[in-house]
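Data block below; observations after.
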DNA sequence: ATGGTCGTTGCACGA
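Numbering (my numbering), first residue to last: 3 to 259.
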């Protein structure tokens, strides 16, 4: 089974590239982030024609997350099960696909450490963890994948000094990743790659992609039962090249059946 | 050393 996650940065603009990529890579499950579409505008029929069932949580203009699946899609959840007020932004969708509890997430950016949005980011991550504690079984098949907007370690950052005092690398954010790991989720990329300077996002500006200035912030976090089935992973940086790319590259994981 | 680009929308802001 092939799983993938991709922050497409506007599915309206990116749909031709997403279609071509699906035809080439043939994932069984694709999680997307930043569709920037309302649910009405989500091109479900296009994906149905390619053999995918779909679920989308969108608000239009900003955010928006989706799951495509060729291996079944049931029990869709779009809000945290903590009994609190629903998130006002569309950043979370979860469904059961092919025997795996799949979540597609778009973690708030945070903007700056002294910005209110950074507190929202930390609260959001706490709510995600609480949701998993309340509704999922870490001994079962669980995958949380998407744009975490956190680089797990300094080797995931092109210039760690540049990010001192900034978001994406701060200790409280990394502590939330550690808390997710303590619950039972593993950063699957690191099971296969020890090297640094492998990134999943590059700023559009200043030729950052071609200069190798990026961050690894798109993660596939998997429970042990899923992780032990993983046989291969790659960040598909080819998808960041060429005409009208997203600023993120997809992450692909292959599981043995 | 600095700033640089996209996508939304509407003449600014988020990433």
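Glycine included, C-beta positions come from ideal geometry on N, C-alpha and C.
Since the model is a prediction, treat every value here as computed from it, not as a measurement.
Inter-residue spacing [alpha-carbon to alpha-carbon] between residue i and residue j
| i | j | result |
| --- | --- | --- |
| residue 59 | residue 167 | 32 Å |
| residue 7 | residue 135 | 23 Å |
| residue 113 | residue 14 | 25 Å |
| residue 180 | residue 57 | 29 Å |
| residue 141 | residue 205 | 37 Å |
| residue 64 | residue 37 | 8 Å |
| residue 173 | residue 155 | 10 Å |
| residue 80 | residue 124 | 19 Å |
| residue 207 | residue 257 | 35 Å |
| residue 198 | residue 211 | 16 Å |
| residue 1 | residue 240 | One cannot answer for residue 1 here, as it falls past the ends of the chain, which runs 3 to 259. |
| residue 165 | residue 115 | 11 Å |
| residue 61 | residue 12 | 12 Å |
| residue 254 | residue 137 | 26 Å |
| residue 201 | residue 235 | 13 Å |
| residue 103 | residue 77 | 9 Å |
| residue 26 | residue 17 | 14 Å |
| residue 230 | residue 74 | 22 Å |
| residue 120 | residue 151 | 11 Å |
| residue 328 | residue 244 | A query on residue 328 cannot be resolved here, the shown segment of the chain reaching from 3 to 259 and no further. |
| residue 53 | residue 99 | 14 Å |
| residue 32 | residue 117 | 32 Å |
| residue 185 | residue 227 | 13 Å |
| residue 252 | residue 84 | 30 Å |
N-terminal and C-terminal residue of the beta strand (DSSP E) that residue i is part of
| i | result |
| --- | --- |
| residue 48 | Taken as a continuous stretch (DSSP letters only), residue 48 belongs to no beta strand (DSSP E), being part of the alpha helix (DSSP H) at 46 to 51. |
| residue 95 | 94 to 99 |
| residue 32 | 31 to 35 |
Where residue i falls, given that 16 or more other Cβ within 10 Å makes a residue buried
| i | result |
| --- | --- |
| residue 96 | buried |
| residue 246 | exposed |
| residue 2 | This structure leaves residue 2 out entirely; the chain is present only between 3 and 259. |
| residue 51 | exposed |
| residue 23 | buried |
| residue 259 | exposed |
| residue 101 | exposed |
| residue 130 | buried |
| residue 66 | buried |
| residue 88 | exposed |
| residue 232 | buried |
| residue 250 | buried |
| residue 196 | exposed |
| residue 30 | buried |
Reduced DSSP secondary structure (H/G/I, E/B, other) of residue i
| i | result |
| --- | --- |
| residue 253 | strand |
| residue 108 | strand |
| residue 237 | strand |
| residue 204 | coil |
| residue 56 | strand |
| residue 155 | coil |
| residue 15 | helix |
| residue 24 | helix |
| residue 163 | helix |
Residue range of the alpha helix (DSSP H) that includes residue i
| i | result |
| --- | --- |
| residue 213 | 210 to 213 |
| residue 228 | 226 to 229 |
| residue 9 | Counting along the chain, residue 9 falls outside any alpha helix (DSSP H), though it belongs to the beta strand (DSSP E) covering 4 to 9. |
| residue 195 | Here residue 195 belongs to no alpha helix (DSSP H), and DSSP marks it neither H nor E. |
| residue 121 | 118 to 137 |
| residue 260 | Only positions 3 to 259 of the chain appear in this structure, which leaves residue 260 out of reach. |
Quiz prompt | Sufficient close CB pairs (3 or more, under 8 Å) joining the region 189 to 201 to the region 212 to 225 | solution = yes
Exercise. Kindly confirm or deny that the region 98 to 115 and the region 144 to 156 touch, where touching means at least three C-beta pairs closer than 8 Å.
Key: Contact between the region 98 to 115 and the region 144 to 156 is present, because at least three Cβ pairs lie under 8 Å.
Quiz item: Between the region 150 to 161 and the region 37 to 49, do three or more beta carbon pairs fall short of 8 Å?
Solution: no
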